[in-house]
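Visitor:
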Amino acid sequence: MDFILNFISLAFLAQIIRISIPYILAAMGGLFSERSGVTNIALEGIMLNGAFASVLGTYFTNSPTLGVISGIIAGILTAYIHAIISIRFKADQIISGVAINLLAVGVTKFFLKIVFDSSSNSSRVEGIKIFAIFPESNNFLSILNQIIGNPFIWLTFIIIILSHFILFKTVFGLRIRAVGEHPKAADTLGIKVNYLRYICVLISGALAGLSGSWLALDQHQFTDGMSNGRGFIAIAAVIFGRWNPLPVTAACLLFGFAEALQITLQSLGTNIPTQFIQMIPYVLTMIALAGFIGKSTPPAAAGKPYEEG
Amino acid sequence: MNKKNLIIEILIPIFAVLLSLIISDILIIIYKQSPLKVYKILIEGTILNPYGIGQVLFKTTPLIFTGLAVAFAFHAGLFNIGCEGQLYVGAFTTAIVAAYLPQFTPPLIAILLAIIAGFIAGFIAGFIPGYLKAKTGAHEVINTIMLNFIIMAIVNYLVIRFFKVPETIHTYPIINNAKIPRLFEYTSFFKGSAANLSFFIALLACFIIYIILWKTKFGYEVRATGYNPKAAETAGINIKKIVILAMSISGGLAGLVGINFVLGYKYYFEEGFSSGIGFMGIAVALLGRNHPLGVFIAALFFGILSQGGLVINAIVPKELVDILQAVVIISVVASSSEVRRLLFKLGRL
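Residue numbers (this note's numbering), protein chains in the order written: chain A, 1 to 309; chain B, 310 to 658.
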């Protein structure tokens, strides 16, 4: 019974949320990019750059808020490279994404060495301020504060709702979807296909950069390669949630749950092989993509450059 | 390939390398060092001394395999970014087979069996995304990314649970007869370097892939499928079969990476040994324009860089080399269309 109690506690829920936030933010970014027809597997690298920039920003200004803003800006700049390569040069979007991921690993390590003279981690910086809504008189309330008092969690919540609203309730969202499904038709109707794609890729950069900020400021430092495959999990969530904000969020929470489960099991010292729990997101995504549990179909024009004319 | 295309294919990589040199100059200057001094040390430490040459060959070998793997899939119009996982399971299988063969297995047979085992493991890892692509249309890029993580988790589990030497993260050593000789056993020239005969196996692989792609009916079908799948299908080519086979062979080639590391160097499989060789294969294939000869040259280039990174680490961070790799990829993909457009304009003048 005690064993099960580990998993229905508030602390466990808090852990799921903590793990899921970077997934959700990056996945919302990936969603915008893919919906407009640009495959973005550079999320991983954008997150890494965002994480590093937010630590740099916080380190030099002593303000986590400015740190977060630097993370977002770094995300946008990194995504801009992806946008130029895949929209302006009409080059292969996958290759561009792979290159940006490699670039981010190299650039962050290089500047880690220059600024912090270390090849593994930065100095400790201030984290995001948690507001104490409830008096921290017991463990339960202090964990509740960790959730409700964290502005990042609110921000993420707003971004999910906004993404859904923008994509499905606004003209802008309709255009994004049109451009991703049938760019030719959208072009005929006077929609600037490539301009819209630029905007969407930059949005994805801002969100993935923000996701990186959370990672870094949650840990109060940057560590080498700290995105650690999370960008790819975000992509998996986008596919598993079929390119819709709410199901994608659910997918992120599911993946976050699997990871929290793995961590808790590990700390309890059970002999359930954690590697198999680790695999869950990836296996589910492959199954979804293959159509074994209802077909998961990407936007029709995703990955294809568009020649305006 | 006509003459004009050939010129373009040669100009693109040259342009890419020049651009990345400019960027590396800037970074070196940011680090308050002299680019000339850095390049001098890099060259002296790699291709101008015997140990350096040996190390370069050692680092080039796995890049040839992953470069060929990516290039082969490219020819069928497929993008294999699953080399990382394929080489992981390949090297693991190679190590296990070579460790558990009877001690008295004759050297040639032991080595061959271990190599074939690695190829088959990679082949199966490539077969899965190939099959899913052919049968359900699921994109091979996403599936290979997912498989990278899945394969690593499974292999790590197997290593930890069943095969590792206690208190380490590696498997039991392979039998003596499965070891591939180091080059310095033949000539004192490479004294101390890890270069081994698997370099020549990699060269042989380049040659075989060239023959398959350009001198056989199967290779023709692979290229036709990559060039225009609809036309290939109309011409009676079973493109589903080609997609599955091309992806599997690509995986098999990546699975050969273990030859160099396991049979020729460490003599065991170690968790996390590959670190990025699979992704570098993409850079190698791109820079080498997917031609086996190009792959060889590009692998050598990156081999020099990655050994060079270690050499220059004393005065500039070796991460400079990681940045260069990425810049090379970016400039190759971006310039492919630009160089063509430029030449087209020049041609009209």
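Note that beta-carbon positions come from the ideal geometry of N, C-alpha and C, so glycine has one too.
Buried or exposed: which applies to B:L658, given that a residue is buried once 16 or more other Cβ atoms fall within 10 Å of its Cβ?
Guide: Walking along the second sequence from the start, residue 658 of chain B turns up at place 349. Residue placement at B:L658 is poorly supported in this model, since its pLDDT is 49, which falls under 50; the coordinates still yield a value, given next. Burial call: exposed.
Visitor: Can you tell me which of B:M556, B:V365, B:S583 and B:L554 puts its alpha carbon nearest to the alpha carbon of B:V566?
Guide: Against the second sequence, residue 566 of chain B aligns to sequence position 257. Nearest C-alpha to B:V566: B:S583.
Visitor: Taking Cβ positions only, does A:Q278 come closer than 9 Å to chain B?
Guide: Locating residue 278 of chain A in the first sequence gives position 278, where the first residue counts as 1. Yes, A:Q278 counts as interfacial toward chain B.
Visitor: Would you list, in sequence order, the uninterrupted alpha helix (DSSP H) runs of no fewer than 4 residues that lie entirely inside the segment 100-150 of chain A?
Guide: The segment 100-150 of chain A contains these whole alpha helix (DSSP H) runs: 139-148.
Visitor: DSSP has B:H479 in a bridge; who is on the other side?
Guide: Taking the second sequence and counting its residues from 1, the one referred to as residue 479 of chain B is at position 170. Answer is B:E579.
Visitor: State buried or exposed for A:E308, treating a residue as buried only when at least 16 other CB atoms are found within 10 Å of its CB.
Guide: Position 308 of the first sequence, counted from the first residue, corresponds to residue 308 of chain A. By the 10 Å Cβ count, A:E308 comes out exposed.
Visitor: I'd like to know whether the C-beta of B:G617 is nearer than 9 Å to at least one C-beta of chain A.
Guide: Within the second sequence, numbered from 1, the residue matching residue 617 of chain B stands at position 308. No, because no Cβ of chain A sits closer than 9 Å to the Cβ of B:G617.
Visitor: Per DSSP, B:K473 is paired with what?
Guide: The sequence position of residue 473 of chain B within the second sequence is 164, counting from 1. According to DSSP, which records beta bridges pairwise, B:K473 is partnered with B:T480.
Visitor: Determine, for B:G585, whether the minimum Cβ-Cβ distance to residues of chain A falls below 9 Å.
Guide: What you label residue 585 of chain B is simply residue 276 of the second sequence in a count that begins at 1. Yes, because at least one Cβ of chain A sits closer than 9 Å to the Cβ of B:G585.
Visitor: Compute the Euclidean distance between the alpha carbons of A:V171 and A:S36, then round it to the nearest angstrom.
Guide: Mapped onto the first sequence, residue 171 of chain A falls at position 171. Mapped onto the first sequence, residue 36 of chain A falls at position 36. Going from the Cα of A:V171 to the Cα of A:S36 covers about 14 Å.
Visitor: Go to A:W243, then tell me how far its alpha helix (DSSP H) extends in each direction, as first and last residue.
Guide: Reading the first sequence from its first residue, position 243 is the one you call residue 243 of chain A. No alpha helix (DSSP H) contains A:W243, which DSSP labels as neither H nor E.
Visitor: Would you kindly work out how many angstroms separate the C-alpha atoms of A:I191 and A:F240, rounded to a whole number?
Guide: Residue 191 of chain A sits at position 191 when you count from the first residue of the first sequence. Residue 240 of chain A sits at position 240 when you count from the first residue of the first sequence. Going by the C-alpha atoms only, they are around 29 Å apart.
Visitor: If we call anything under 9 Å between Cβ atoms a contact, is B:G603 one with B:P322?
Guide: Within the second sequence, the letter at position 294 stands for residue 603 of chain B. Within the second sequence, the letter at position 13 stands for residue 322 of chain B. Yes, the Cβ-Cβ distance between B:G603 and B:P322 is below 9 Å.
Visitor: Mind checking if B:D631 is an interface residue toward chain A, Cβ cutoff 9 Å exclusive?
Guide: Position 322 of the second sequence, counted from the start, is the residue given in the question as residue 631 of chain B. It does; some Cβ of chain A falls within 9 Å.
Visitor: Quick one: is B:Y495 buried, meaning 16 or more other Cβ sit within 10 Å of its Cβ, or exposed?
Guide: Within the second sequence, residue 495 of chain B is the residue found at index 186, counting from 1. So B:Y495 ends up on the exposed side.
Visitor: Excluding the 5 residues preceding and the 5 following B:C669 in the sequence, name in chain order all residues of the same chain whose CB lies nearer than 8 Å to its CB.
Guide: Because chain B spans 310 through 658 in this model, residue 669 of chain B falls outside it and cannot be assessed.
Visitor: Across which residues does DSSP place B:R289 in a beta bridge pair?
Guide: A question about residue 289 of chain B goes unanswered here, because the residues of chain B that appear run from 310 up to 658.
Visitor: Strictly under 9 Å for the Cβ-Cβ distance: is A:S36 near chain B by that measure?
Guide: Here the question's residue 36 of chain A lines up with position 36 in the first sequence. No, because no Cβ of chain B sits closer than 9 Å to the Cβ of A:S36.
Visitor: Which two residues bound the contiguous alpha helix (DSSP H) that contains B:E353?
Guide: Position 44 of the second sequence, counted from the start, is the residue given in the question as residue 353 of chain B. Element bounds for B:E353: P344 to G354.
Visitor: Can you tell me whether DSSP reads A:T270 as helix, strand or coil?
Guide: Taking the first sequence and counting its residues from 1, the one referred to as residue 270 of chain A is at position 270. Three-state DSSP puts A:T270 in coil, outside helix and strand.
Visitor: Sort out for me which residues DSSP pairs A:T223 with in a bridge.
Guide: Reading the first sequence from its first residue, position 223 is the one you call residue 223 of chain A. DSSP, once it has assigned bridges, lists A:N121 as partnering A:T223.
Visitor: Could you tell me the alpha carbon to alpha carbon distance between B:P475 and A:Y195, rounded to whole angstroms?
Guide: Position 166 of the second sequence holds residue 475 of chain B. Position 195 of the first sequence holds residue 195 of chain A. About 58 Å.
Visitor: Of all the options B:L467, B:A426, B:L512 and B:G391, which has the alpha carbon lying nearest to the alpha carbon of B:T453?
Guide: In the second sequence, the residue the question calls residue 453 of chain B occupies position 144. The shortest C-alpha separation from B:T453 is found at B:G391.
Visitor: Does the distance from the CB of A:A91 to the CB of B:V642 come in under 9 Å?
Guide: To locate residue 91 of chain A, count along the first sequence from 1; it is residue 91. To locate residue 642 of chain B, count along the second sequence from 1; it is residue 333. Contact: yes.
Visitor: Give a yes or no on contact between the segment 14-24 of chain A and the segment 253-262 of chain A, applying the rule of three or more CB pairs nearer than 8 Å.
Guide: Yes, they touch.
Visitor: Quick one: which residues of the segment 219-249 of chain A get their C-beta closer than 8 Å to a C-beta of chain B? List them in chain order.
Guide: Under the 8 Å Cβ criterion, the segment 219-249 of chain A contributes G229, F232, I235, A236 and I239.
Visitor: With a Cβ-Cβ cutoff of 9 Å, do A:C252 and A:S33 count as a contact?
Guide: In the first sequence, residue 252 of chain A corresponds to position 252, counting from 1. In the first sequence, residue 33 of chain A corresponds to position 33, counting from 1. No. Outside cutoff.
Visitor: Would you identify the three-state DSSP class for B:K313, choosing helix, strand or coil?
Guide: Within the second sequence, the letter at position 4 stands for residue 313 of chain B. If DSSP states are grouped into helix, strand and coil, B:K313 belongs with the helices.
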